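Note sheet for the following structure.
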Amino acid sequence: MNWETVIGLEIHAQLATRSKIFSSAPTAYGAAPNTQANLVDLGYPGVLPVLNRSAVQMAVKFGLAVGADIAARSVFARKNYFYPDLPKGYQISQYEKPIVERGSLQIVLEDGEHKTIGITRAHLEEDAGKSLHEDFHGLTGIDLNRAGTPLLEIVSEPDMRSAREAVAYMKKIHTLVRYLEICDGNMQEGSFRCDANVSVRPLGQSEFGTRCEIKNLNSFRYIEKAINYEVARQIEIIEAGGTIRQETRLYDPDRDETRALRSKEEANDYRYFPDPDLLPVAIDTSFIEQARASLPELPDQKAARYLGQYGLSVYDAGVLTASREMGDYYEAVLAVLGAEHGEGHEKLAANWTMGELSAALNKDGLDITRSRIDARRLAGLLGRIADETISGKIAKEVFEAMWAEGLDADAVIEAKGLRQITDTGAIETVIEEVMKANPKQLAEYRSGKDKLFGFFVGQVMKATGGKANPAQLNELLKKKLAG
Amino acid sequence: MTQLHHLSLTELAEGLRARHFSSVELTRHFLDRIERLNPTLNAFITVTAEVALAAAEQADRQLAAGEGGALAGVPLAHKDIFCTDGILTTCASRMLSNFVAPYDATVVERLSRAGAVMLGKANMDEFAMGSSNETSWYGPVRNPWDLDKVPGGSSGGSAAAVAARLAPAATGTDTGGSIRQPAALTSLTGMKPTYGRVSRYGMIAFASSLDQAGTLTRTARDAAVLLSQMAGFDPLDSTSVDTPVPDYVGQLARPLTGLRIGLLKEFFEQGLDEGSERRVREALEVYRRLGAQLVEVSLPNLPLSVPAYYVVAPAECSSNLSRFDGVRFGHRCDSPVDLLDLYERSRAEGFGDEVKRRIMTGTYVLSAGYYDAYYLRAQKVRRLIADDFAQAFGQVDVLMGPTTPSPAFAIGAKSDDPVTMYLNDIYTIGANLAGLPAMSIPCGFQGELPVGLQIVGPHFAEARLLNVAHVYQCETQWHERVPKGYE
Chain E
1 MNWETVIGLE
11 IHAQLATRSK
21 IFSSAPTAYG
31 AAPNTQANLV
41 DLGYPGVLPV
51 LNRSAVQMAV
61 KFGLAVGADI
71 AARSVFARKN
81 YFYPDLPKGY
91 QISQYEKPIV
101 ERGSLQIVLE
111 DGEHKTIGIT
121 RAHLEEDAGK
131 SLHEDFHGLT
141 GIDLNRAGTP
151 LLEIVSEPDM
161 RSAREAVAYM
171 KKIHTLVRYL
181 EICDGNMQEG
191 SFRCDANVSV
201 RPLGQSEFGT
211 RCEIKNLNSF
221 RYIEKAINYE
231 VARQIEIIEA
241 GGTIRQETRL
251 YDPDRDETRA
261 LRSKEEANDY
271 RYFPDPDLLP
281 VAIDTSFIEQ
291 ARASLPELPD
301 QKAARYLGQY
311 GLSVYDAGVL
321 TASREMGDYY
331 EAVLAVLGAE
341 HGEGHEKLAA
351 NWTMGELSAA
361 LNKDGLDITR
371 SRIDARRLAG
381 LLGRIADETI
391 SGKIAKEVFE
401 AMWAEGLDAD
411 AVIEAKGLRQ
421 ITDTGAIETV
431 IEEVMKANPK
441 QLAEYRSGKD
451 KLFGFFVGQV
461 MKATGGKANP
471 AQLNELLKKK
481 LAG
Chain A
484 MTQLHHLSLT
494 ELAEGLRARH
504 FSSVELTRHF
514 LDRIERLNPT
524 LNAFITVTAE
534 VALAAAEQAD
544 RQLAAGEGGA
554 LAGVPLAHKD
564 IFCTDGILTT
574 CASRMLSNFV
584 APYDATVVER
594 LSRAGAVMLG
604 KANMDEFAMG
614 SSNETSWYGP
624 VRNPWDLDKV
634 PGGSSGGSAA
644 AVAARLAPAA
654 TGTDTGGSIR
664 QPAALTSLTG
674 MKPTYGRVSR
684 YGMIAFASSL
694 DQAGTLTRTA
704 RDAAVLLSQM
714 AGFDPLDSTS
724 VDTPVPDYVG
734 QLARPLTGLR
744 IGLLKEFFEQ
754 GLDEGSERRV
764 REALEVYRRL
774 GAQLVEVSLP
784 NLPLSVPAYY
794 VVAPAECSSN
804 LSRFDGVRFG
814 HRCDSPVDLL
824 DLYERSRAEG
834 FGDEVKRRIM
844 TGTYVLSAGY
854 YDAYYLRAQK
864 VRRLIADDFA
874 QAFGQVDVLM
884 GPTTPSPAFA
894 IGAKSDDPVT
904 MYLNDIYTIG
914 ANLAGLPAMS
924 IPCGFQGELP
934 VGLQIVGPHF
944 AEARLLNVAH
954 VYQCETQWHE
964 RVPKGYE
C-alpha cells in the first residue's frame, strides 16, 4: 500500500527580549545557575507577573509577517502541572485566545514548486527552568535561569507531507524570525526548537491517522531523521496489523530512533483557566501599525527584488536571502562595487558571495557577520576583476591571501605582483618567445591541429605567471599563430 | 490624660507630631499590652518588638526634626499574609512556618515609608481561608468581646488586636468578607476597597481576582488616613488601577442630605437573626434623620453569590497554592524518597484541612469535563451579579444591609460544618465578586456582642463610603465602646 505522511509542527522560538516575559530579570544565556532568576521567576509567595511589552511587539511582528490576524484581545491562561523546574506549579501561556491566528507562509519544494503551509496560531508563553540530572550524585539540580524566558509557540496546520517539507518549513520560520530580529535562532542553546506531530494514512484517504508527537527537536537534521524514523515505525506497525497509540515520543539521536514517553491516557489534565493576575492583552490599531512600520524587508520580498532588480536566478536569490545578514553583506558589496564601477556586476558579486566567501566561512565555521573579509574588501577584489586588473583565476589566489592575512585586494596584488598584463606589446613578446621555443607544435598547429591552441595559451600563462589578460591573449595568440 | 491606647490612629499621629509623647513611648506601651494580653487572645503570630522600637526611634528623630510621613511613629499591625522583609511571614500555615520573606509587600513598604511602626504580624485563617480564625496553624484567635467566641476571619488577628487596643489599627485582606466580617464581630470599622485600588504585590494570594487589601480601624477617619497611604497604582501589580487617589480625609464631613441609600432586599430575607436586623434598621433610621432617602432595591442574582464564590475562589486557590511544593521554600517533609513523595508529604503535612478542601474543590471544578459546568458557569453568574450591582447604582448612591447574619458565634460551633461556615459570608461575598468597595461599621450590640452595618458603593467610591460612615460615627458612639478587660 502507498502511504501518505502528515506532519504538523509546533515551533518554540525564544523571543530576543532583554528581560523576561513577566519579570525584569535578564534573559542572557549561559550565566551561572540561578543567577538570572528574581523572586517572580522563582515563584515566591506574593509576587505577581507584569507583561513585557516588547514580547508583545515581537509576537505582533511575527503575526504580520505571516499575514495572520492579530487578536484585539488575547488572554493569558495558566497551565497547571507540578514539576520542580516549574516554580509556580503552572506555566503562564495562552490557550483559548492566542495573540496570533490564521497565518501562512510559502515553502519551495525540491521540484521548485511553491507550497503554502498554514499557521494555525502563535501564542506567547513563559519557558520553564531546567532540571539537571548529572553531577548531582543521584539528585536533581534545578536551574531557573531560563524560567520566565519569553517564547512564541508557532503552531502549523498539518500541511506537510514529508520530512523534507517539514524541514523546509522549519527553516523558513527560522529565517523569518531572524529577519524580524525577534529570535536569535540559536538551536544549540535551545532558542529555536520544535515538536513534530506525525501520522500516516493510506494515500487518498481524507481522515488523518492517529498521531504521535515527537518532543524537543533542536536541529534540522534531527527533525528530518526523527520524522523519517517515526513514519517508518508507524507504517511497519500498521502493515503488521497493529494500530498506532496516540502518545508523546522522544527522539534519541544516538540511536536514531523515537521512544515512547507517555500515552494520551497518562497525559496531564492541565486545568487551563484565565490567569487572574494578568489583564487581557488589548492591542489597538495604532500598536499594530507601529509594528507594521517596523517590519524589515522580508525574505520573500527581498528575493523577488533580487530577481527583478539584479536579474539573479531564483536559486541565487533564495540562497542570498536565506539569512538577513547574507543579504545585507551581498548588498553592501554591490553598493561599493556600484559606486566605483557602475552597475552590471550583480551576478559577479552573487557568485563570489555564494561561492568563495561561503566556502571560506564554512571552512572556518564563521558567521557572515564575522567574516575575515568584509563586504568593502570583497567589493575591492571584485572591482579589480571588473577593471581587469586581475583575472578571475588570479582573484581566487588573491582572495585566499586576503582571507589568511587580512589585507586589501590591492595590497595583495601589489605585494605578489599579480597585476594582469594588458599591455599588447608585452603579451606579444611572450607569445613570440613561446612560438620560438616550440617550433614543432607551431608547425602542427599551422597544419591544422587546432587543439594545440590550448597548449599555447597554457605556455603563455605559465610564462606570465597567469597574469596575461585572457581575452587579449586569445585574440593576439590567434593572430600570431595564424602567421 | 487619656491612656495612649484609647487614642485613635488620627489622634496618635497628631499627638506624635505635637510631641505630646514619643513614638518609642507609644510603641513600648502597645508592646507591653501585647505582652500582657495577647497570650489570651492569640491575635499575633509574630511580635516584632526590636524592629518596632528601632523604627520608633527613627520616627522620633524625624519628628524632632519636623520631618516624617503622615504616619510617622504610629504603630500598627500587619496581617501575616503580607510579606515583610527579613521577618517571618507565615500566612498562618505550617507550610510557611519557616518562611522569612525576602521583600516587603507594596502595602507594607508604603506604610513604612509613611512612617508607620510595625508591632507584629497578626494571626489569621490559614491562607485567609476561613471565617472564624479557627483554621490557623497557630491556633484560634479569641474575640475580646467574649473570649469563647470567634473574632471572625480571615483577618481575625488584626480585628482582635485593634478591638482589644493592642494596636491602633491593622491591615487586613478581604476575599469574601475577611475584613468586614471580623470588623462586624469585633465592633470595628473595616474597609475593603475597590478591587485594584490597593496593590496586591507581596500579599500572598488566595483568590487573585477577589483578594483586596484594606484596613481594620476604630473609626472611619482612621480608615481614611490609613487608606490614603496604601492606595494607588503599583507597576508591580497589573491588576492595580492607575487612577488618582482622592483626598479621603477631606471629604469625610460632607453632609448626607439627599443621599440615596438602597436597602438590599435579599439581605433582609435570608436567615438574618432578629436582633441583628433590629440594630441595622436602627442605623438606617439614623441615616434617615441625617437626610438620606431609603429605597428598597433588589439584586435578584445575589443569592447565587455563595455558590459562585465557592467555585471561583477555590479554582484560583488550587493554582495559586501550587507553588508551595517543598522545593524552594516553606515546609519540606523529612527524607523524601522521590519527587512524588516530596510533593505529597510536604503538602499533606504543610496544609490544614480547610486549605486542602479548597484545593481539592478548585482542582475538581477546573478539571477537563467539569470546567464548563462549574468554573465557566460561576464566572457567568459573577457577571450577572456585577450587572445587578451596576443597575442598583443607577438608582442609589450606596447600598446598605447587615454585614453578617448573626453576631460572633462560639469557637468550635461551626468548625465541623464547612457549608454553614461558608454561609456566614453570604452578605459580604457579592462585593468581592463585583470588585466593589465595601465597609462594615459598628451599629450596636446584641447583648454583649457587636453588630455591623455594611455599606457597599460603586467602583472607586471609597471617599463616599468613608464619608457615609464618618457622619454616622459623629452621631453615634457604638464605635467608642471598649470590650471589658481591655479598657
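Chains as they are written, first to last, in my numbering: chain E, 1 to 483; chain A, 484 to 970.
Positions of the beta carbon are idealized from the N, C-alpha and C atoms, including for glycine.
Note that the coordinates shown come from a computational prediction; the quantities given were computed from them, not determined experimentally.
Among the residues of its own chain, which have a CB less than 8 Å from the CB of residue i, if the five just before and after it don't count?
i	result
W403(E)	A360, R372 and I373
M170(E)	L9, I11, C194, F220 and I223
E239(E)	M1
L477(E)	I431, F453, F456, V457 and V460
D364(E)	R372
Have a look at residue i and residue j and give me their C-alpha separation to the nearest angstrom.
i	j	result
P790(A)	V534(A)	43 Å
R78(E)	C926(A)	43 Å
Y586(A)	G569(A)	7 Å
M601(A)	Q956(A)	27 Å
V728(A)	G660(A)	23 Å
I496(E)	I70(E)	For residue 496(E) there is no data in the structure shown, the boundaries of chain E being 1 and 483.
T550(E)	L261(E)	Because chain E in this structure spans residues 1 to 483, residue 550(E) falls outside the shown range and cannot be described.
S802(A)	N80(E)	7 Å
K115(E)	P253(E)	29 Å
Y229(E)	R121(E)	27 Å
L381(E)	A375(E)	10 Å
G877(A)	T726(A)	22 Å
G471(A)	T700(A)	No answer is possible for residue 471(A): the residues shown for chain A start at 484 and end at 970.
Y854(A)	N268(E)	15 Å
L554(A)	D720(A)	24 Å
E189(E)	Y29(E)	8 Å
Y445(E)	K451(E)	8 Å
DSSP beta-bridge partners for residue i?
i	result
R193(E)	H12(E)
A644(A)	In DSSP, A644(A) forms no bridge with anything.
D629(A)	N626(A)
N80(E)	Y90(E)
V108(E)	H114(E)
D143(E)	K130(E)
K675(A)	A921(A)
C212(E)	V198(E) and E247(E)
V100(E)	I70(E) and A122(E)
A696(A)	T656(A)
Can you find the residues in the same chain that come closer than 7 Å, C-beta to C-beta, to residue i, ignoring five residues on each side of it along the sequence?
i	result
E322(E)	A small fix is needed here, since residue 322(E) is Ala in this sequence, not Glu. Cβ within range, chain order: T175.
G715(A)	V728
L755(A)	P885 and P888
G740(A)	The sequence shown places Thr at residue 740(A), not Gly. The answer, listed in chain order, is G774.
N950(A)	Q734, L735 and R737
A379(E)	V333, V336 and L337
A650(A)	F513, P558, L559, A560, L602 and A644
If contacts are defined as beta-carbon pairs under 8 Å, then residue i and residue j qualify, I think. What distance do you get, rounded to the angstrom?
i	j	result
V708(A)	V732(A)	6 Å
Q762(A)	V934(A)	Contrary to the premise, residue 762(A) reads as Arg rather than Gln in this sequence. Right, their Cβ atoms sit about 4 Å apart.
F689(A)	M612(A)	6 Å
I235(E)	W3(E)	5 Å
D127(E)	G148(E)	7 Å
In its own chain, which residues sit with a C-beta less than 6 Å from the C-beta of residue i, not counting the 5 before and 5 after it?
i	result
D316(E)	A350
P158(E)	V6 and G8
P470(E)	S391
S691(A)	E799
Chain E contacts made by the stretch 713 to 738 of chain A, where a contact means CB separation under 8 Å: P718, L719, D720, S721 and T722
Using a beta-carbon distance cut-off of less than 8 Å, what residues from the stretch 280 to 295 of chain E approach chain A? none
What are the residues in the stretch 71 to 89 of chain E lying within 8 Å of chain A by C-beta distance? R78, N80, F82, P84, P87, K88 and G89
Residues of the stretch 676 to 687 of chain A whose Cβ lies closer than 7 Å to any Cβ of chain E, in chain order: R683, Y684, G685, M686 and I687
Output, in sequence order along the chain, the residues in the stretch 571 to 596 of chain A whose CB is closer than 9 Å to any CB in chain E. T572, C574, L579, F582, A584, P585, Y586 and A588
Counting only Cβ-Cβ distances shorter than 9 Å, please list the residues of the stretch 808 to 822 of chain A near chain E, keeping chain order. D808, V810, R811, F812, G813 and L822
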